[in-house]
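Asker: Below you'll find the structure I mean.
Protein chains: 2
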Amino acid sequence: MGDFKHLVVVKFKEGVVVEEILKGMEKLVSEVETVKSFEWGQDLESLEMLRQGFTHAFMMTFCNKEDYIAFQAHPKHAEFSATFSAAIEKIVLLDFPGVLVKAPAPAPA
Amino acid sequence: MGDFKHLVVVKFKEGVVVEEILKGMEKLVSEVETVKSFEWGQDLESLEMLRQGFTHAFMMTFCNKEDYIAFQAHPKHAEFSATFSAAIEKIVLLDFPGVLVKAPAPAPA
């Protein structure tokens, strides 16, 4: 089995200081060991019609589903979730085993 | 500048053979050189309330924004987009420079 992905796409409420939320998220992923990698981004390019109000994407990668479940059950996650939930206007969340079709070429030696 | 990400979250129309769409997408990313990596997944775990009908996520990574723009302008992309658009009921699409906060540990030598 490959990596397990936790993908969150959100629109934050007006007035929310996104930098603070991000700081909390960075702290969370650094504190919870089962998070293998974490990447995020703010949409800059997509047409409004296509992004439908969503502005940010967050993608966490775990070695397997068990590690993801452990993350979800982690007290730090529960704590952060409360803050995060209060800050968002809408959310789409997908959890799935990642299927890697094209892998990055290895870095030149 | 880091990687540039193209994230697509969709719900397919009823009756669509997702395997065929996937085959087309795999062909596309293998044919267009500027696609650095491509990963996808089908949601298995998220609560319906949180996934809001969306079922699949597709994430393409490019070395930079220019490579992404080249991909978008590629005739193979235009060709595939027509098929893809016809197959989806709803979509959220975000394009953003990826911010890597926690990187996977290097594989043991």
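Chains A and B, in that order, are what the protein sequence lines are.
Be aware that the first sequence starts at 1, since it is given in the UniProt record's numbering, and climbs by one per residue.
Be aware that the second sequence starts at 1, since it is given in the UniProt record's numbering, and climbs by one per residue.
Even for Gly, the Cβ is constructed at its ideal location relative to N, Cα and C.
Values in this document were obtained by computation on a predicted structure and should not be read as measured data.
Using the C-alpha atoms, what's the distance from A:G98 back to A:V32?
Answerer: Each residue's Cα considered, the two are about 20 Å apart.
Asker: Under a three-way DSSP split, which group does residue 111 of chain A fall into?
Answerer: Given that chain A is displayed from residue 1 to residue 109, the structure contains no residue 111 of chain A and the question cannot be resolved.
Asker: By the criterion of Cβ-Cβ separation under 8 Å, what are the contact partners of A:P104 in chain B?
Answerer: In chain order: K36, S37 and T61.
Asker: Please return the same chain residues whose Cβ sits closer than 8 Å to the Cβ of B:C63, not counting the five positions on each side in sequence.
Answerer: Taken in chain order, the residues that qualify are D3, F4, T34 and K36.
Asker: In the DSSP output, what is A:S37 paired with across the bridge?
Answerer: Paired residue(s): A:T61.
Asker: Output the boundary residues of the beta strand (DSSP E) element that contains A:L94.
Answerer: Taken as a continuous stretch (DSSP letters only), the beta strand (DSSP E) holding A:L94 covers I88 to P97.
Asker: Looking at the strands, I want to know which residues DSSP matches up with B:K5.
Answerer: B:K5 is bridged to B:T61 and B:F96.
Asker: Counting C-beta neighbours from all protein chains within 10 Å, is the total for B:V18 16 or more, i.e. buried, or is it exposed?
Answerer: With fewer than 16 Cβ atoms within 10 Å of its Cβ, B:V18 is classed as exposed.
Asker: Can a CB atom of chain A be found closer than 8 Å to the CB of B:P97?
Answerer: Cβ-Cβ to chain A under 8 Å: yes for B:P97.
Asker: What in chain B is Cβ-close to A:E30, meaning under 9 Å?
Answerer: Correcting the residue type first, residue 30 of chain A is Ser in the shown sequence and not Glu. Within chain B, the residues near A:S30 are V101 and K102.
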